[in-house]
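J.:
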Amino acid sequence: MKQVTRWSPDSCGCVLEYEWDDAVPATARTHTFKTVVKKCSSHSALTDKDIYNQVLSENTRKNKVFGIAQQFLPEIKSENYNWSFDDKRILKVGFIDIPVSGEQMNQIRNAIQQEIVVGAVEVI
Ligand SMILES: [Zn+2]
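Letter 6 of the sequence shown, counting from 1, is numbered 30 in this note's numbering, and no numbers are missing.
1) In whole angstroms, give me the CA-to-CA distance for Glu-103 and Val-145.
2) Regarding Val-61 and ligand 3, is the C-beta to nearest heavy atom distance less than 7 Å?
3) Among the candidates Asp-46, Val-39, Ser-68, whose CA atom is the shortest distance from the CA of Lys-26?
4) Looking at the structure shown, is Thr-84 part of a helix, part of a strand, or coil, going by DSSP?
5) Assuming contact is defined by CB atoms lying nearer than 8 Å, are Glu-139 and Lys-88 in contact in what I supplied?
6) Between the Cα of Gln-78 and those of Gln-95, Ile-122, Ile-114, Phe-119, spot the shortest distance and give me the residue it belongs to.
7) Do Ile-132 and Val-147 come within 8 Å of each other at the CB atom, strictly closer than that value?
8) Hey, quick one: how far does the beta strand (DSSP E) through Gly-118 stretch, first residue to last?
9) Check whether the segment 55-73 touches the segment 36-43, taking contact to mean three or more Cβ pairs, one atom from each stretch, closer than 8 Å.
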């Protein structure tokens, strides 16, 4: 049966709904955009479909950078991960209350450059 999930991402103030099918095994499920319930000020100029793609892309990027940081800082917790999007929706990230050596910082920066669109993330 088709199910609708309401999603309030932590990466902006939009509220979106997507549809998925519970008859499909969890590993093979896909999410299909359904509606924009609320547009945040950063995304209000986009079409509804573009909002979904943009918000998904930003939220995925934010989580992916945390995953990269975990590879080099295995003890990192979500509260050590300081992130925000600037007005051009570039992700700015930093690490707080956790020791990060210069070498670890270089490793994190290199991995981000290889795995994520150049210019989409800045490590501060
Ligand atoms: Zn938004």
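Using N, Cα and C, we set each Cβ at its ideal position, and we do this for glycine too.
None of these values were measured; they are calculated from a predicted model.
T.: Short version:
1) 19 Å
2) This structure lacks ligand 3; the ligands present are ligand 1.
3) Asp-46
4) helix
5) yes
6) Ile-114
7) yes
8) 115-119
9) yes
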